[in-house]
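K.L.:
Numbering of the sequence shown is given in our numbering, commencing with residue 5 and proceeding in unit increments.
Each residue gets a CB set at the ideal place from its N, CA and C atoms; glycine is no exception.
Got a structure for you, questions after.
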Amino acid sequence: MKVSNLTPLSCEIAVDDKQGHVYTLPCTTVAWKTQRTDRAGSLEFTFLGGDQYADTTFELNCGDIVRMQIDGDTIFYGYVFTVENKGDGTFSATAYDQLRYLMYNNTYVFAGKTATEIIQQIAADFGITLGEIADTEYPIPKLSKDNKKLLEIISDALCETTYATKETYVLYDKAGALTLTNINDMRLPLAFGDSGMLTGYNYKESIDNETYNQIKLVQDNEEDGCRDVYIYQDSSNIANWGVLQYFGSMDSGYNAAMIEQIGVALLELHNRLEKTFKLEARGEVTCRAGAAIYIEIADLGVADYFLIENADHTFEANDHSMSLTLKVVT
């Protein structure tokens, strides 16, 4: 495959064929996407086949290593999963970071393990390279998962930790190393809104998705053969919105005090309006899913930190733009 020279992008794409060859690939477009939960980071890039300006010959294959660098810093490190020849001289490829290898199912039973220890165990079992993993400290009484995606198992462990400690953590791949960070350590010194940087936005308030004003938790009582029921509610918000119920089952490893702690935390986390932003802005590579940025727009009465749920970055010619989906942090 021959690759044409083109106007360079603001990012550099390098391909390692694992045979001792590294190629810098001139691309027409690059799209880097991250999501805070449930999905691996991805890099989609497009390039043209050879013409009279071609100066490099190589084969792009599934499994090749791909790096995206900006000013010498590695922003993305992953592996090619798809290669497409469009038949018009154009080629495209999609690479994913290590989280992609956590999208396969397995069965685990953990008792008294922290989310940190669970991540370390799964990473060791599946050959995942670890970076800096925050100590979540809280020992989860019991976590039993049968035929579930590895990433889902880890996400459930992190949710259990949040409910018990009110601390939220983000799992992501940082330049080829799986990393776990408390969201309090991911606030960026960036402000969007009246101060500038925005090119467009959409702001929404809703109770339609993850808002709950009644938490119902049940646990099988093996002694008397019935179910113990625990309910936590906000009667004033029920009067305003009607009953918006969250239902969950608790493992036998949880005692009444633990269940109450989780029920109270769930109500505190979800008994409120869901405030979301979708914004378009000039690209800033530190804005990845899991980070938090400050939004201040006087006309909306908004002045708060928002957590980046999805970050889509696009590189074309010398232009770098981004589209972010955010939720309020506090």
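Could you give the DSSP three-state label for residue 124: helix, strand or coil?
P.N.:
Assignment of residue 124 by DSSP, reduced to helix, strand and coil, places it in the helix class.
K.L.:
With C-beta atoms as the reference, is residue 72 less than 8 Å away from residue 113?
P.N.:
Taking 8 Å as the Cβ cut-off, residue 72 and residue 113 do not qualify as a contacting pair.
K.L.:
For residue 274, I'd like the list of residues in its chain whose CB is within less than 7 Å of its CB, leaving aside the five on either flank, ordered along the chain.
P.N.:
214, 215, 216 and 250
K.L.:
Can you list, in chain order, the residues of its chain with a C-beta nearer than 6 Å to that of residue 316? Leave out the 5 residues immediately preceding and following it.
P.N.:
37 and 327
K.L.:
If we ignore side chains and look at the alpha-carbon of each, how far apart do residue 17 and residue 70 end up?
P.N.:
Approximately 7 Å, taken between the alpha carbons.
K.L.:
Distance, Cα to Cα, residue 245 vs residue 324?
P.N.:
42 Å
K.L.:
Residue 144: which of 168, 134 and 156 sits nearest, CA to CA?
P.N.:
168
K.L.:
Measuring alpha carbon to alpha carbon, tell me which of 74, 163, 170 and 99 ends up nearest residue 83.
P.N.:
The residue with the shortest Cα to Cα distance from residue 83 is 99.
K.L.:
Alpha carbon to alpha carbon, how far is residue 116 from residue 182? Give it in angstroms, no decimals.
P.N.:
23 Å
K.L.:
Given that a residue counts as buried once 16 or more other Cβ atoms are within 10 Å of its Cβ, and exposed if not, what is residue 30?
P.N.:
buried
K.L.:
How long is the line joining the alpha carbons of residue 201 and residue 192, rounded to whole angstroms?
P.N.:
Approximately 14 Å, taken between the alpha carbons.
K.L.:
Please report the distance separating the alpha-carbon of residue 134 from that of residue 231.
P.N.:
When the Cα atoms are used, residue 134 and residue 231 turn out to be separated by approximately 41 Å.
K.L.:
Note down, one range per segment and in chain order, each beta strand (DSSP E) of at least 3 residues found wholly within the stretch 123-207.
P.N.:
134-137, 144-153, 173-178, 181-186 and 191-197
K.L.:
Give the secondary structure of residue 107 by DSSP, where H, G and I count as helix, E and B as strand, and everything else as coil.
P.N.:
coil
K.L.:
Indicate whether residue 45 and residue 103 have their beta-carbon atoms separated by less than 8 Å.
P.N.:
yes
K.L.:
Within 10 angstroms of its Cβ, does residue 57 collect 16 or more other Cβ (buried), or is it exposed?
P.N.:
At residue 57 the pLDDT is 35, less than 50, meaning the model places this residue with poor confidence; the figure from the coordinates comes in the next sentence. Flag for residue 57 reads exposed.
K.L.:
Would you call the stretch 255-268 and the stretch 146-163 touching, i.e. three or more CB-CB distances under 8 Å?
P.N.:
They touch, by the three-pair rule.
K.L.:
Using the three-state DSSP reduction, which class does residue 12 fall into: helix, strand or coil?
P.N.:
Residue placement at residue 12 is flagged as unreliable, the pLDDT there being 48, under the threshold of 50; a coordinate-derived value is accordingly withheld.
K.L.:
Taking the alpha carbon of residue 233 as the reference point, which residue from 129, 219, 27 and 280 has its own alpha carbon closest?
P.N.:
219
K.L.:
Name the one or two DSSP bridge partners that residue 97 has.
P.N.:
Looking at the DSSP output, residue 97 sits in a beta bridge with 49 and 87.
K.L.:
Here's the rule I'm using: 16 or more other beta-carbon atoms within 10 Å means buried, otherwise exposed. How should residue 39 be labelled?
P.N.:
buried
K.L.:
With 16 other CB atoms within 10 Å as the buried threshold, where does residue 303 fall?
P.N.:
exposed
K.L.:
So, with DSSP's three-state summary, where would you put residue 274?
P.N.:
helix
K.L.:
How long is the line joining the alpha carbons of residue 162 and residue 140, rounded to whole angstroms?
P.N.:
For residue 162 and residue 140, the gap between their C-alpha atoms comes out near 8 Å.
K.L.:
Grouping DSSP H, G and I as helix and E and B as strand, with all else coil, what is residue 233?
P.N.:
strand
K.L.:
Which residues mark the beginning and the end of the beta strand (DSSP E) in which residue 211 is found?
P.N.:
Careful: residue 211 lies outside any beta strand (DSSP E) and carries neither H nor E.
K.L.:
Mind checking residue 235: buried by the 16 CB within 10 Å criterion, or exposed?
P.N.:
exposed
K.L.:
Going by the CB atoms, is the gap between residue 330 and residue 312 shorter than 8 Å?
P.N.:
yes
K.L.:
Just curious, the beta strand (DSSP E) that residue 315 is in, first and last residue?
P.N.:
306-320
K.L.:
Identify whether residue 288 lies in helix, strand or coil by the three-state DSSP scheme.
P.N.:
coil
K.L.:
Which value, in whole angstroms, describes the spacing of the CA atoms of residue 293 and residue 228?
P.N.:
Taken atom to atom, the span from the alpha-carbon of residue 293 to that of residue 228 is near 46 Å.
K.L.:
If you draw a straight line from the C-alpha of residue 59 to the C-alpha of residue 52, how long is it?
P.N.:
Confidence is the limiting factor: at residue 59 the pLDDT is only 47, short of 50, which leaves the residue's position unreliable, though a coordinate-based value still follows. Answer to the nearest angstrom: the Cα atoms are 12 Å apart.
K.L.:
Quick check on the DSSP output: the alpha helix (DSSP H) that includes residue 296 runs from which residue to which?
P.N.:
Counting along the chain, residue 296 falls outside any alpha helix (DSSP H), though it belongs to the beta strand (DSSP E) covering 296-301.
K.L.:
Can you find the residues in the same chain that come closer than 6 Å, C-beta to C-beta, to residue 253, ignoring five residues on each side of it along the sequence?
P.N.:
222
K.L.:
Please list, in chain order, all residues of the same chain as residue 126 whose beta carbon is under 6 Å from its beta carbon, the five residues on each side excluded.
P.N.:
154
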